[in-house]
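Note that the working numbering gives residue 594 to position 594 of the sequence shown, counting from 1, and the numbers run on in steps of one.
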Amino acid sequence: MNKKDKIRLMNTKVLPHQKAAGALFAFSGLDGTVDFDNQLVGSVMEEDYGFGLHITSPAYMSLWCDNRYSHPFEVTQRVIVSDAISYTVSKPDTAQPGEIRFIMVDDRTVLGQTTADFPVFCRNGNSPQATTSSEDNKTVLSNDGTSAVLLTRKSPAGIIFAFSMSLAGQAEAEERARKALDLDVEAEFDRKKEFFDTLPTPQTDDPLLAETYYKAMSVMKSMVYSPTGKAETRWTTPDRMPHKKMWLWDSAFHAIGMQHISPQLAREAIEAVFAYQEEDGFIPHMMAPGYSSEVIQPPTLGWAAMELLTKDTENEDREFLGRIVGSLEKFIRWVLEHRAKRDGDSLGWSIRKRYSFPLCRSGETGMDNTPRFDCTDDAESVDIIAFVIQEIEMLEKMCEILSRTMPADMQEKRQSLIETLQTRFWNEDEKFFYDRYHDGDFIRVKTAAAFTPLFAGAATDEQAAAMVEHLQNPREFWTHFPVPSTAISEPAYTKDYWRGPTWINYNYLVMQGLKRYGFSGLAEELRRRTISEIARWYQSEGILFELYDAEGEVSPEHLKHRARILLSRPRCLVSGAVKDFGWTAALFVHLVSGNC
């Protein structure tokens with residue numbers, strides 16, 4: 001490829017066009033208000049052109065356009081993004097192709113256009129309370145307290161349709177649908193595409209990476225809620241369905257990617273989490289209007305905030321840090337007090353009892369079913385210590401920027417924890433960081449959590465070099481797609497959630513640690529392999545998944561999800577890996593933009 005061709009490719013926008021069962025379709029808080037308790041989220045059907053529609057209540061409906069004839073149609077062009085989808089369809093003997101379009105015009109309404117050969121249908125779920133009534137140009141659905149109305153009208157382009165739902169009754173749903181039916185479909189579709197014109201150009205000459213980049217941007221857009229509940233700013237969620245709520249460390253990773261859409265949006269994602277902080281400093285791992293969980297997640301908000309700082313927004317950054325620095329200190333102190341072990345000399349996560357939560361016992365770690373705690377409910381942990389060390393360092397940097405005095409006891413605590421990590425958790429015989437049982441024995445299970453001391457700058461140079469040897473060992477962590485969450489040499493290794501598959505957020509933490517200790521070339525190699533594998537599976541499946549097979553053999557679609565399929569989810573969402581996942585999208589954008 002010559003230089004001229006490379007420049008042309010790097011400045012070409014390649015909008016996503018991979019049709020993917022389960023891909024999410026939702027209205028974004030970037031475009032208007034999203035009602036957390038009364039919203040419509042769609043997921044693309046495997047067959048036909050349309051969606052399963054997931055509503056806050058148990059109601060499940062579907063909306064689709066179907067070919068009424070048996071002879072084949074050709075799809076010649078697609079645009080498939082998180083809030084606007086277009087298919088160009090034609091019969092082999094037809095000169096004029098037609099369009100099928102779906103557009104999320106607000107948080108409860110889909111506007112669309114189709115050809116006469118692909119009429120639009122809607123259908124209720126399987127609830128015994130579901131009812132359907134139809135008349136000319138109108139279909140009314142009722143299901144578990146949810147009403148929905150589909151209206152249609154003929155136009156020179158074919159059929160224009162609008163579908164809207166409401167928990168307040170048929171009248172409101174019909175009113176919203178009638179307003180949408182008067183909109184210009186072409187103009188609304190173009191308005192959705194304008195989002196991509198505002199984005200930075202992806203720094204790649206690979207058209208697949210460029211398309212995956214825009215797919216990731218589209219996924220990030222779908223993750224954004226408007227201000228709701230305690231959050232007076234916009235906030236983010238991992239995937240809108242099935243998680244829906246805001247999560248602590250997910251939001252930290254989201255912010256890192258969101259800065260490529262808007263630095264202000266990234267700052268808001270972090271401030272929204274702090275808005276749920278309690279008076280004593282506690283921050284729940286999961287939160288939403290009217291809801292807060294009782295456990296935490298890895299303390300990463302201060303680190304993420306510092307990742308956002310640029311010379312271009314220096315004044316805004318100082319104001320931002322001034323708003324959060326006190327809250328960050330309170331959270332660190334809460335963790336130091338409430339997760340203390342050995343009279344405060346060490347730290348450990350809150351682990352749920354084995355008989356109560358056998359498949360999700362270590363949610364605080366973020367590594368829900370890691371084998372690290374298969375045999376204990378009480379442990380001292382490498383990663384919580386490393387994350388706290390990192391957060392105290394970020395607090396010190398914030399104080400320096402803001403010309404504040406760093407609390408002396410926090411500086412002393414950081415140094416004490418570093419010494420603890422380097423001595424108590426380092427197995428000199430195996431040259432590896434291990435957790436400890438409450439009686440002091442090592443928990444000899446090698447997982448990606450052992451690399452967090454590098455991320456925090458808490459390992460000695462010799463320890464870091466030894467850990468890099470483990471990382472590069474193809475029998476442990478240097479697999480087809482590094483870094484497996486559990487080393488493939490471990491008896492506990494499986495292709496099940498945090499017991500083996502690769503997670504993009506941990507890959508990013510490992511890259512950060514490698515750079516910190518001078519292994520920049522290896523960090524770059526991990527960056528390259530990470531974005532390449534995400535793009536490969538996007539090209540194959542059309543999805544940015546929650547987790548990936550470390551050996552590169554099994555589609556994320558078929559990886560296990562904590563040893564079971566969640567049958568309570570709608571069928572199109574049942575999967576080993578959650579589809580169109582937030583931090584995968586956010587970190588892919590950040591990595592393609594040259595960061596690691």
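Don't be surprised by glycine CBs; every beta carbon is placed ideally from N, CA and C.
With DSSP as the reference, please indicate the residues paired to leucine 63 in a beta bridge.
Position 63 of the sequence shown, counting from 1, holds the residue named residue 63. Paired residue(s): Phe51, Cys122.
Considering only residues of the same chain and omitting the five flanking positions on each side of alanine 84, which have a CB-CB separation below 6 Å?
Looking up residue 84 in the sequence shown gives position 84. Excluding sequence neighbours, alanine 84 sits near Ile103, Phe189, Lys192.
Give the straight-line distance between the Cα atoms of alanine 465 and valine 44, rounded to the nearest whole angstrom.
Counted from its first residue, the sequence shown places residue 465 at position 465. Counted from its first residue, the sequence shown places residue 44 at position 44. Their backbone Cα atoms lie some 46 Å apart in a straight line.
Please work out which residues of its chain come closer than 7 Å, Cβ to Cβ, to isoleucine 392, disregarding the five sequence neighbours upstream and downstream, and give them in chain order.
Against the sequence shown, residue 392 aligns to sequence position 392. Contacts found: Ile332, Met410, Lys413, Arg414.
To which residues of the same chain is proline 16 closer than 7 Å at the C-beta, ignoring the five residues directly before and after it?
By one-based count along the sequence shown, residue 16 stands at place 16. Within the same chain, proline 16 has close Cβ partners Ile80, Val81, Glu211, Tyr214, Lys215, Ser218.
Cα-Cα, which of Val335, Arg352, Ile351 is closest to glycine 344?
Start at 1 with the first residue of the sequence shown, and residue 344 comes out as number 344. Of Val335, Arg352, Ile351, the residue nearest in Cα terms is Val335.
Across the stretch 450–459 and the stretch 383–402, are there enough close Cβ pairs to call them in contact, namely three or more that are closer than 8 Å?
Yes, they touch.
Below 8 Å, can you find three or more Cβ-Cβ pairs linking the stretch 26–43 to the stretch 238–246?
Enough Cβ pairs lie closer than 8 Å, so yes.
Assess, as a yes-or-no matter, whether the stretch 313–333 is touched by the stretch 276–285 under the definition of 3 or more beta carbon pairs within less than 8 Å.
They touch, by the three-pair rule.
How big is the Cα-Cα spacing for proline 207 and valine 14?
Taking the sequence shown and counting its residues from 1, the one referred to as residue 207 is at position 207. Taking the sequence shown and counting its residues from 1, the one referred to as residue 14 is at position 14. Roughly 7 Å separates the two Cα atoms.
Under the rule that 16 or more other beta-carbon atoms within 10 Å means buried, what is asparagine 505, buried or exposed?
Indexing the sequence shown from 1 puts residue 505 at position 505. Buried: at least 16 other Cβ atoms inside 10 Å.
From the DSSP output, which residues share a beta bridge with glutamine 113?
Locating residue 113 in the sequence shown gives position 113, where the first residue counts as 1. Answer is Arg101, Ile160, bridged to glutamine 113.
Quick check on DSSP: helix, strand or coil for tyrosine 214?
Here the question's residue 214 lines up with position 214 in the sequence shown. Tyrosine 214 falls in the helix class under three-state DSSP.
Can you tell me which of the three DSSP states arginine 153 falls into?
Counted from its first residue, the sequence shown places residue 153 at position 153. Looking at arginine 153 - three-state DSSP - the assignment turns out to be strand.
Are the CB atoms of serine 293 and proline 284 nearer to each other than 8 Å?
Against the sequence shown, residue 293 aligns to sequence position 293. Against the sequence shown, residue 284 aligns to sequence position 284. Against a cut-off of 8 Å, the Cβ pair of proline 284 and serine 293 comes out as a contact.
Could you work out which residue in Arg108, Lys91, Thr114, Val110 is closest to isoleucine 100 when comparing CA atoms only?
Here the question's residue 100 lines up with position 100 in the sequence shown. It is Thr114 whose Cα lies nearest to the Cα of isoleucine 100.
Any idea if asparagine 315 is buried or exposed, counting beta-carbon neighbours within 10 angstroms, 16 or more meaning buried?
The count along the sequence shown starts at 1 and reaches residue 315 at position 315. It is exposed - the Cβ of asparagine 315 has fewer than 16 other Cβ atoms within 10 Å.
Taking the straight line between their C-alpha atoms, what separation do you get for serine 575 and arginine 123?
If you number the sequence shown from 1, residue 575 lands on position 575. If you number the sequence shown from 1, residue 123 lands on position 123. With a pLDDT of only 45 at serine 575, under 50, the local geometry of the prediction cannot be trusted, and the value read off the model is given with reservation. Near 23 Å, if we compare the C-alpha coordinates of arginine 123 and serine 575.
Which of helix, strand or coil does DSSP assign to tryptophan 143?
As a working mapping, residue 143 is identified with position 143 in the sequence shown. Note that residue 143 corresponds to asparagine in the displayed sequence, not to tryptophan. Strand at asparagine 143.
CB-CB under 6 Å to isoleucine 534, same chain, minus the five flanking residues each way: which ones, in chain order?
The sequence position of residue 534 within the sequence shown is 534, counting from 1. Contacts found: Phe588.
Which first and last residues belong to the alpha helix (DSSP H) in which alanine 408 is found?
In the sequence shown, residue 408 corresponds to position 408, counting from 1. Looking at the DSSP string, the run of the alpha helix (DSSP H) that includes alanine 408 is 408–424.
Measure the CB-CB distance between serine 222 and leucine 544 and report whether it falls below 8 Å.
The sequence position of residue 222 within the sequence shown is 222, counting from 1. The sequence position of residue 544 within the sequence shown is 544, counting from 1. Contact: no.
Using only the alpha-carbon positions, how far apart do leucine 150 and glutamate 186 sit?
For the purposes of this step, residue 150 is identified with residue 150 of the sequence shown, where counting begins at 1. For the purposes of this step, residue 186 is identified with residue 186 of the sequence shown, where counting begins at 1. Taking the straight line joining both Cα atoms gives about 19 Å.
Is the distance from the Cβ of serine 485 to the Cβ of methionine 367 below 8 Å?
Taking the first residue of the sequence shown as 1, we reach residue 485 at position 485. Taking the first residue of the sequence shown as 1, we reach residue 367 at position 367. Cβ distance < 8 Å, so serine 485 and methionine 367 count as in contact.
In whole angstroms, give me the CA-to-CA distance for histidine 438 and phenylalanine 195.
Residue numbering aside, residue 438 sits at position 438 when the sequence shown is read from its first letter. Residue numbering aside, residue 195 sits at position 195 when the sequence shown is read from its first letter. Distance between the alpha carbons of histidine 438 and phenylalanine 195 is about 52 Å.
Taking phenylalanine 25 as part of the beta strand (DSSP E), name the residues at either end of that continuous run.
The residue given as residue 25 occupies position 25 in the sequence shown. Note, phenylalanine 25: beta strand (DSSP E), 24–26.
If we count the other Cβ atoms within 10 Å of its Cβ and call it buried at 16 or more, is leucine 359 buried or exposed?
Looking up residue 359 in the sequence shown gives position 359. Exposed, by the Cβ-count rule.
When you compare only the Cα positions, how much space is there between arginine 571 and aspartate 136?
Taking the sequence shown and counting its residues from 1, one reaches residue 571 at position 571. Taking the sequence shown and counting its residues from 1, one reaches residue 136 at position 136. Its pLDDT being 39, under 50, arginine 571 is placed unreliably by the model, and the measurement read from it follows with that caveat. Taking the straight line from one Cα to the other gives about 31 Å.
Residues in the same chain with beta-carbon distance under 8 Å from serine 555, minus the five sequence neighbours each way, listed in chain order, please.
Counting from 1 along the sequence shown, the entry for residue 555 is found at position 555. Answer for serine 555: Trp537, Ser540, Glu541, Asp549, listed in chain order.
Ordered along the chain, which non-local residues of its own chain (more than five positions away) have a Cβ less than 8 Å from that of arginine 234?
Mapped onto the sequence shown, residue 234 falls at position 234. Cβ neighbours of arginine 234 beyond the five flanking positions: Gly29, Leu30, Val224, Tyr225, Ser226, Pro227, Leu265, Glu268, Ala269, Ala272.
Is it right to say histidine 338 is buried, meaning 16 or more other beta carbons lie within 10 angstroms of its own, or is it exposed?
Within the sequence shown, numbered from 1, the residue matching residue 338 stands at position 338. It is exposed - the Cβ of histidine 338 has fewer than 16 other Cβ atoms within 10 Å.
Excluding the 5 residues flanking serine 568 on each side, which residues of the same chain have their C-beta closer than 8 Å to its C-beta?
Looking up residue 568 in the sequence shown gives position 568. Note that serine 568 has pLDDT 39, beneath the 50 cutoff, so the model's placement of it is unreliable and the number below is only indicative. Answer for serine 568: no residue qualifies.
With a 10 Å radius around its C-beta and 16 neighbouring C-beta atoms as the bar for buried, classify proline 200 as buried or exposed.
As a first step, residue 200 must be located in the sequence shown, where it is residue number 200. Looking at its Cβ environment, which holds fewer than 16 other Cβ atoms inside 10 Å, proline 200 is exposed.
Which residue's Cα is closest to the Cα of alanine 130: Phe121, Asp383, Ala148, Asp441?
Here residue 130 refers to the residue found at position 130 when the sequence shown is read from its first residue. Closest by alpha carbon: Ala148.
Curious, which full-length beta strand (DSSP E) runs of at least 3 residues does the stretch 234–298 contain?
As far as the stretch 234–298 is concerned, its whole beta strand (DSSP E) runs of at least 3 residues are 286–288.
Could you tell me which residues DSSP pairs with alanine 600 in its beta bridges?
Here the chain covers residues 1 to 596 and nothing more, so residue 600 does not appear.
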